[in-house]
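Numbering (the numbering used here), first residue to last: 33 to 184.
Positions of the beta carbon are idealized from the N, C-alpha and C atoms, including for glycine.
Nothing here was measured: the structure is a model prediction, and the numbers come from that model.
A short worksheet on the structure shown next.
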Amino acid sequence: MGAKAQLLRDIRKRLSAEQMEVQRRAFLYVARNTTLPATVRHKAQLGLNTLNGGEGRMGAVKNRCWETGRGRGVISKFGLCRVSTCIVAFADSSSSNSEQKLSVENFQAFIKQAGRTDDVNHVFLHPCLPISFLWYFHRRTMDSGLGRTISK
């Protein structure tokens, strides 16, 4: 199964969890209320177990990148994985050559356009972003400018 199919499944589970939230909370309240009879609590627990085929729970929702569908290295604040963050940050639409440069404005505009955060000034305060940028920058400089050839 491709990453896009998993992303669509995750979106479906998010919508289902949002729709079932009130009913799920009601079942949880009844099931955890110790003043009610045991039979009522048991029926509420059974109703909770069969609620929407298990898709109504938040545990079914996974963190996936909205751009690529990757399931690992996702920065949940923005909904992007570390690879997508680097691609967006290093993409410079004004440069005509193949060399890409870090563009903070480009990354902040992308985050604002995606609607992932209201205040785009605190984007670079996330602890994973500097590591991601340093890794990508180091990899690009090591691969391109040192004149090394890879031989088998």
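Quick check on residue i: buried or exposed, where buried means 16 or more other Cβ atoms within 10 Å of its Cβ?
{"i": "L47", "result": "exposed"}
{"i": "V72", "result": "exposed"}
{"i": "K133", "result": "Its pLDDT being 49, under 50, K133 is placed unreliably in this model, and the value from its coordinates should be taken loosely. Exposed."}
{"i": "T117", "result": "buried"}
{"i": "K45", "result": "buried"}
{"i": "I107", "result": "buried"}
{"i": "K36", "result": "exposed"}
Looking at chain D, is there any beta carbon in it that lies within less than 8 Å of the beta carbon of residue i?
{"i": "L39", "result": "In the displayed structure, chain D is absent; only one protein chain is listed."}
Once the 5 residues before and after residue i are set aside, which same chain residues still bring their CB inside 6 Å of it?
{"i": "L39", "result": "R96 and G101"}
Which of the three DSSP states is assigned to residue i in this structure?
{"i": "V93", "result": "coil"}
{"i": "S183", "result": "Residue confidence is low: S183 scores 43 on pLDDT, short of 50, so the model does not pin down where it sits. Its coordinate-derived value is still stated next. Residue state, collapsed to three classes: coil."}
{"i": "L78", "result": "helix"}
{"i": "L39", "result": "helix"}
{"i": "L60", "result": "helix"}
{"i": "L68", "result": "coil"}
Rank the options by C-alpha distance to the C-alpha of residue i and give the top, closest one.
{"i": "M52", "options": "L83, A70 and L68", "result": "L83"}
{"i": "L80", "options": "R56, G103 and N65", "result": "R56"}
{"i": "V93", "options": "A37, K36 and A49", "result": "A49"}
Which residues in the same chain as residue i place their Cβ atom closer than 8 Å to its Cβ, once the five residues preceding and following it in sequence are excluded?
{"i": "D42", "result": "V93, K94 and R96"}
* Is there contact between the segment 47-61 and the segment 69-81, where contact requires at least three CB pairs shorter than 8 Å? -> Contact between the segment 47-61 and the segment 69-81 is present: 3 or more CB-CB pairs across the two stretches fall below 8 Å.
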